[in-house]
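Student: If you read the sequences in order, they're chains A and B. Each step along the first sequence adds one to the number in numbering that gives the first Met the number 0, with nothing skipped, and position 271 is 270. Each step along the second sequence adds one to the number in numbering that gives the first Met the number 0, with nothing skipped, and position 198 is 197. All C-beta atoms, glycine included, are put in the ideal place defined by N, C-alpha and C. As the structure is a computational prediction, the values presented were derived from the model and not from experiment.
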Amino acid sequence: MNWLSAAVVISTFATVLRVSVPYAAAALGGLWCEKSGIMMIGLEGFLLLGAFVAATANALGCPALLALLLAVATCAGAGALLAWLVERARVHAVIAGLAFNLFVFGFSRAMLRTLFGSTSNSPPLSGFEGISLGGSTFGPLLRFFLAPTTWIVSTLFVATLFAFRKTRLGLSVRAVGENPKAAFVIGVNVVRTRIVSCSIGGAIAGLGGIALAFDQRQFQSGMSAGRGFIALAIVILSGWRIERILPIAITFALLDTIQLSLQNVSRGASQLFQAAPYLVTLLALALMRSRNAAPKGMGVTL
Amino acid sequence: MKRFSSLVVALLLSLVVLNLFSFAFGAASSTTLRALFAGTFGSGYGTGQILFKATPILFSALGARLAMRAGLFNIGVEGQLLFTSFVVGSLGTFLGGVPSALTWALLIAVSLAAGAIWALIPASLRIFSGAHEVLTTLIMNRLSEPLVGFLLAAFYLTTGGIRTGDIPANVLLPKLDRWFELFRGSAVNVSIVLALLLFPLFHFLETRTLFGRTLALIGSNPDACKHARIPVKRFMLIAMLASGAIAGLGAMSTVIGYKGYFEQGLGAGSGFLGIAVALAAGESLFSLLFLALLFGFFEQGGLAINAHVPREGLLMIEAIVLVVVVMREAKGRNPQVGVLS
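1. Can you give me the start and stop residues for the alpha helix (DSSP H) that residue 179 of chain A sits inside?
2. Which residues share a DSSP beta bridge with residue 174 of chain B?
3. Opposite residue 162 of chain B in the DSSP bridges: which residues?
4. In the structure shown, what three-state DSSP assignment does residue 219 of chain A receive?
5. Using the C-alpha atoms, what's the distance from residue 270 of chain B back to residue 80 of chain B?
6. Of the choices B/7, B/51 and B/182, whose alpha-carbon is the least far from that of residue 195 of chain B?
7. Can you give me the C-alpha to C-alpha distance between residue 343 of chain B and residue 161 of chain B, rounded to a whole angstrom?
8. How close, in whole Å, do the beta carbons of residue 63 of chain A and residue 125 of chain A come, if the pair is a contact with beta carbons under 8 Å?
9. Spatial neighbours of residue 240 of chain B within its chain, please: C-beta separation below 8 Å, excluding the five flanking residues on both sides.
10. Given a limit of 9 Å on CB to CB distance, which residues of the region 133-154 of chain B reach chain A?
11. For residue 55 of chain B and residue 252 of chain B, which I take to be in contact (beta-carbon distance under 8 Å), what is that distance rounded to the nearest angstrom?
12. On the three-pair Cβ rule with 8 Å, is the region 32-40 of chain B touching the region 199-216 of chain B?
13. Measure how close the beta-carbons of residue 301 of chain B and residue 288 of chain B come, nearest whole angstrom, since I'm counting them as under 8 Å.
14. What are the residues that DSSP puts in a beta bridge with residue 169 of chain B?
15. Rounding to the nearest angstrom, what Cα-Cα distance links residue 166 of chain A and residue 92 of chain A in this structure?
16. Strictly by DSSP, which residues pair up with residue 100 of chain A?
17. Starting from the N-terminal side, write out each stretch of the alpha helix (DSSP H) that is 4 residues or longer and does not extend beyond the region 194-237 of chain B.
18. Give a yes or no on whether the minimum CB-CB distance between residue 276 of chain B and chain A is below 8 Å.
19. Does the structure place the region 195-210 of chain A close enough to the region 42-51 of chain A that three or more beta carbon pairs sit under 8 Å?
20. Check whether the region 225-238 of chain B and the region 64-71 of chain B are in contact - that is, three or more C-beta pairs closer than 8 Å.
21. Can you say whether residue 230 of chain B is buried or exposed, counting buried as having 16 or more other CB atoms within 10 angstroms of its CB?
22. Could you list which residues in chain A have their beta carbon closer than 9 Å to that of residue 159 of chain B, in chain order?
23. Compile a chain-ordered list of the residues in the region 117-128 of chain B whose CB is closer than 9 Å to at least one CB of chain A.
24. Does residue 96 of chain B pass the burial test, meaning 16 or more other C-beta atoms within 10 Å, or should it be called exposed?
25. Out of curiosity, what's the CA-to-CA distance linking residue 232 of chain A and residue 199 of chain A?
26. Taking three-plus beta-carbon pairs below 8 Å as touching, is the region 39-49 of chain B in contact with the region 213-220 of chain B?
27. Name the chain A residues whose beta carbon is nearer than 8 Å to that of residue 309 of chain B?
28. Assess contact between the region 316-331 of chain B and the region 261-281 of chain B, defined as three or more Cβ pairs (one per stretch) separated by less than 8 Å. Is contact present?
29. Spell out whether any CB of chain A is found under 8 Å from the CB atom of residue 82 of chain B.
30. Under the rule that 16 or more other beta-carbon atoms within 10 Å means buried, what is residue 339 of chain B, buried or exposed?
31. Please report the straight-line C-alpha distance between residue 185 of chain A and residue 193 of chain B, rounded to a whole angstrom.
32. Using 8 Å as the Cβ pair cut-off and three pairs as the minimum, do the region 143-151 of chain A and the region 259-279 of chain A touch?
33. Suppose you measure from the CA of residue 10 of chain A to the CA of residue 257 of chain A; what does that come to, to the nearest Å?
34. Quick check on DSSP: helix, strand or coil for residue 188 of chain A?
35. For the region 235-249 of chain A, which residues have a beta carbon sitting closer than 7 Å to at least one beta carbon of chain B?
36. Can you name, in chain order, every residue of its own chain whose Cβ lies under 7 Å from the Cβ of residue 174 of chain B, other than the five neighbours on each side?
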């Protein structure tokens, strides 16, 4: 293998990793919500909300870290609100999720127009300083490894694995998701656990959106572009198991990368490739065998 | 009574939120409200436009409702409408010289079929492999957009690959302003009559036929139905296909009722609004009609106030109305939910 093809392999690999961050984060966030027994259609909304808040704050002069924290806090709040709507106000989870997606889409567009005079995108952002968008061989690799969101999301994977196995909160979340009545009987506050879990999940999914916006150095209307739905499919395909989420997310990122690189070939073909990740998702869902892995208490409110 | 109060609450709430908006965006509430009124009910044209915007929403909502009766969420009506619009748009171009009534009958049949075909995929995934229809239909929606884009790019090179060719005049549906001077210039067309005719049909189907009653039984307790030897899966399949078919009829209003061709983005969003309407309306057909007109009013009103307040804000109002109405309905009731897997 000569130097040139090695460079191509490295940069493709780096791009795949970079593209996988939003998928992985959204799927991990979705796992938190679903493990607690709340069906989560709103991942798309969390991605968009996180991207929007972070991008807007950054474009208006907030330092990148503060913008990130603001966006995470907003998404955590939104997650708690969504769980409250489902658990306390008894809105069906599917309805609440759809309404949330619709709301965030309208909100981001209306605010974009108010703040920046355009409904389609924000002005370019600075993002995190010191990360070059360099076009050299290792540019994409550096862009992945130097982005703080990469490290935060990776750490959160390990933390989640630990939390679900070893901590009181993680065990409560699983208990509430599997059998809310039994959890209630042994003294777990079901509603509160679900609200906390969804707020954690919302924050993590929001991080995916932040990574997306900071990576592209801009917020574009509807930039989550269906990643939230694919993330939900990833959770289901993983059989609600955290260790399987990452490989599946990287597979979808690979498809996405292929589609992006073929976008310049021809318009017709690129459209067809845009459809590819969704076709693969449908196919995978059709062929999936073990469906009884779903948390048993999903959708059961006390 | 409770249903009626919910609708009043929804209406009042949307006015309050709209006022907050105008305040937040620095426009005087009175200016916004006046513009809203002038652009909608204030003129015959505005009223006609409300009805026009409400037409595809009515079809989508009725379609989504049919699946909901059997306990299924057909979130895919947006994609079903998109696919059908493309099919109607491309077939319509070949129908020059055929008697109008014949083309309409043909296109109605075609849109029913196209919607049903697009609904067949999530329906069979649900029935044969157990994949939950909420996720598969959401993905079908995302899939439809690039797929229709690809078909346009592949078959319509002469029109730049972004729209179908022009549909000849004999295929186009007459607009209502031909008979009612009031609606002059607005795009409301006879397809709304078709939508309104579906209401008594739905009422009859749901309350007076074995099929409708069985669907309601399946919707409330599929397990019991299974034990009673009702072919639950077959009914679910039929409900889902019929749901897509009805939703597909929305293409009549936008493609041959208004534009005269199909282009990307035509009628986009009506499917989602239709789902919201069907979910918020619950059991009542009357609420469904009312909410579809209300959402049509929002869509048209958004355009009217765009100069003062961003019209995207109206999407937020629609989301709030949906949640609040459902919240009031669900109070003290334990919702029946399926597992998403």
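Tutor: For this structure:
1. In the first sequence, residue 179 of chain A corresponds to position 180, counting from 1. Note, residue 179 of chain A: alpha helix (DSSP H), 179-184.
2. Translated into positions along the second sequence, residue 174 of chain B becomes position 175. BP columns for residue 174 of chain B point to B/188.
3. The residue labelled residue 162 of chain B in the question sits at position 163 within the second sequence. BP columns for residue 162 of chain B point to B/262.
4. Within the first sequence, residue 219 of chain A is the residue found at index 220, counting from 1. It is a strand residue.
5. As a working note, residue 80 of chain B is residue 81 in the second sequence. As a working note, residue 270 of chain B is residue 271 in the second sequence. Taking the straight line from one Cα to the other gives about 7 Å.
6. Taking the first residue of the second sequence as position 1, residue 195 of chain B is located at position 196. Out of B/7, B/51 and B/182, B/51 has the C-alpha closest to the C-alpha of residue 195 of chain B.
7. A question about residue 343 of chain B goes unanswered here, because the residues of chain B that appear run from 0 up to 340.
8. To locate residue 63 of chain A, count along the first sequence from 1; it is residue 64. To locate residue 125 of chain A, count along the first sequence from 1; it is residue 126. Between residue 125 of chain A and residue 63 of chain A the Cβ distance is about 7 Å, and since that is below 8 Å, they are a contact.
9. On the second sequence, residue 240 of chain B is found 241 positions in, with the first residue counted as 1. The answer, listed in chain order, is 115, 118, 119 and 122.
10. 133, 134, 135, 137, 138, 139, 140, 141, 142, 143, 144, 145, 146, 147, 148, 149, 150, 151, 152 and 153
11. If you number the second sequence from 1, residue 55 of chain B lands on position 56. If you number the second sequence from 1, residue 252 of chain B lands on position 253. Sure, about 5 Å apart at Cβ, within 8 Å.
12. no
13. In the second sequence, the residue the question calls residue 301 of chain B occupies position 302. In the second sequence, the residue the question calls residue 288 of chain B occupies position 289. Contact flag wrong, Cβ pair sits at about 21 Å.
14. For the purposes of this step, residue 169 of chain B is taken as residue 170 along the second sequence, with counting starting at 1. For residue 169 of chain B, which the question treats as bridged, DSSP gives no partner whatsoever.
15. As a working mapping, residue 166 of chain A is identified with position 167 in the first sequence. As a working mapping, residue 92 of chain A is identified with position 93 in the first sequence. Whole-angstrom Cα-Cα distance: 27 Å.
16. Stepping through the first sequence from its first residue, residue 100 of chain A is reached at position 101. Paired residue(s): none; residue 100 of chain A is not in a bridge.
17. 209-219 and 221-226
18. As a working mapping, residue 276 of chain B is identified with position 277 in the second sequence. Residue 276 of chain B does not count as touching chain A.
19. yes
20. yes
21. As a first step, residue 230 of chain B is located in the second sequence; it is residue number 231 there, counting from the start. When all chains shown are included, residue 230 of chain B counts as exposed.
22. The residue labelled residue 159 of chain B in the question sits at position 160 within the second sequence. Per Cβ cutoff of 9 Å: no residues; residue 159 of chain B is ~10 Å from chain A at best.
23. 120, 121, 123, 124, 127 and 128
24. Residue 96 of chain B sits at position 97 when you count from the first residue of the second sequence. The residue in question, residue 96 of chain B, is exposed, as its Cβ has fewer than 16 Cβ neighbours within 10 Å.
25. For the purposes of this step, residue 232 of chain A is taken as the residue at position 233 of the first sequence. For the purposes of this step, residue 199 of chain A is taken as the residue at position 200 of the first sequence. Each residue's alpha carbon lies about 19 Å from the other.
26. no
27. Translated into the one-based positions of the second sequence, residue 309 of chain B becomes position 310. Neighbours of residue 309 of chain B on chain A, chain order: 108, 109, 112, 113 and 118.
28. yes
29. Numbered from its first residue, the second sequence carries residue 82 of chain B at position 83. Cβ-Cβ to chain A under 8 Å: no for residue 82 of chain B.
30. The residue labelled residue 339 of chain B in the question sits at position 340 within the second sequence. Low confidence applies to residue 339 of chain B: its pLDDT is 38, below 50, so where it sits in the model is not reliable, and the reading given next is rough at best. By the 10 Å Cβ count, residue 339 of chain B comes out buried.
31. Numbered from its first residue, the first sequence carries residue 185 of chain A at position 186. Numbered from its first residue, the second sequence carries residue 193 of chain B at position 194. The straight-line gap from Cα to Cα measures roughly 57 Å.
32. no
33. On the first sequence, residue 10 of chain A is found 11 positions in, with the first residue counted as 1. On the first sequence, residue 257 of chain A is found 258 positions in, with the first residue counted as 1. About 13 Å.
34. Residue numbering aside, residue 188 of chain A sits at position 189 when the first sequence is read from its first letter. Residue 188 of chain A: coil per DSSP, three-state reduction.
35. 235
36. The residue given as residue 174 of chain B occupies position 175 in the second sequence. Within the same chain, residue 174 of chain B has close Cβ partners 186, 187 and 188.
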